[in-house]
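For reference, the structure discussed in these notes is given below.
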Amino acid sequence: MSEKLTKDQLIATRVDVENEANTKQVELAEKLYAVEFEEVANITSILKQIDKSYGWTIKNAAYVISLYDNLKANKVAITKSGDTATVELNSLDLNTLYQVLTNINGTGIESARTFTRLLTNVGKQITDAMQSMAADNKAIQEIHVQLAELDAAIDELSKETVEADEIS
């Protein structure tokens, strides 16, 4: 039942799949992931942890600044509006938040208790958002695998074949 596609049909299919990949990548770049911080105090605690306990590097300083500024702006907006402490983060900020929280360094038992309570309060919500983002990335990855398979099929059909009659 499986028909072998011509080179032109494969190219047309590849164009369609590439357009789908581009559309999904733009959607993913613009997608926001909701993270429920339960209360504004948890946002404040994360801001404090980022400011006081996170060792940034030249490779991630701009990302950390962006995350901090976005969390702070959301905190102000939530405080003014009285809304729930839900912050919508783009994939870059969400990933940075995860990286920051998994690389915090602290000293002292009270600091460890405070940080552990914070992770207990918001860790699951961040993990859930990260899993949603991973599923979105996997869908795009699968499209890219399909593109690679189409490229290989097109390349195979593009190779010149030597017929037995041409050899003599």
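All letters in the sequence shown, in the order written, are residues 4 to 171 by the numbering used here. Ideal Cβ placement from N, Cα and C applies to all residues, glycine included. Note that the coordinates shown come from a computational prediction; the quantities given were computed from them, not determined experimentally.
For my contact list, residue i and residue j are in at a C-beta cut-off of 8 angstroms; report their separation, rounded to the angstrom.
| i | j | result |
| --- | --- | --- |
| ILE49 | LEU31 | The pair is not a contact, with the Cβ atoms about 24 angstroms apart (cut-off 8 angstroms). |
Take residue i as the anchor and find which of the options has the nearest alpha-carbon.
| i | options | result |
| --- | --- | --- |
| LYS55 | ALA155, LYS83, GLY109 | GLY109 |
| THR105 | ALA76, GLN128, TYR57 | TYR57 |
| TRP59 | THR89, GLN102, GLN128, THR119 | GLN102 |
| GLN128 | GLN28, TYR66, ALA37, ASN22 | ALA37 |
| ASP72 | GLU113, ASP86, ILE53, ARG17 | ILE53 |
Using beta-carbon positions only, say whether residue i and residue j come within less than 8 angstroms of one another.
| i | j | result |
| --- | --- | --- |
| SER94 | LYS51 | no |
| ALA24 | HIS147 | yes |
In or out: residue i buried (at least 16 other Cβ within 10 Å) or exposed?
| i | result |
| --- | --- |
| THR9 | exposed |
| ALA80 | exposed |
| THR99 | buried |
| LYS1 | Since the displayed the chain opens at 4 and closes at 171, residue 1 lies outside it and no answer follows. |
| ASP154 | exposed |
| ALA132 | buried |
Three or more C-beta pairs below 8 angstroms linking the segment 113 to 125 and the segment 37 to 45: At 8 angstroms Cβ cutoff, the stretches touch.
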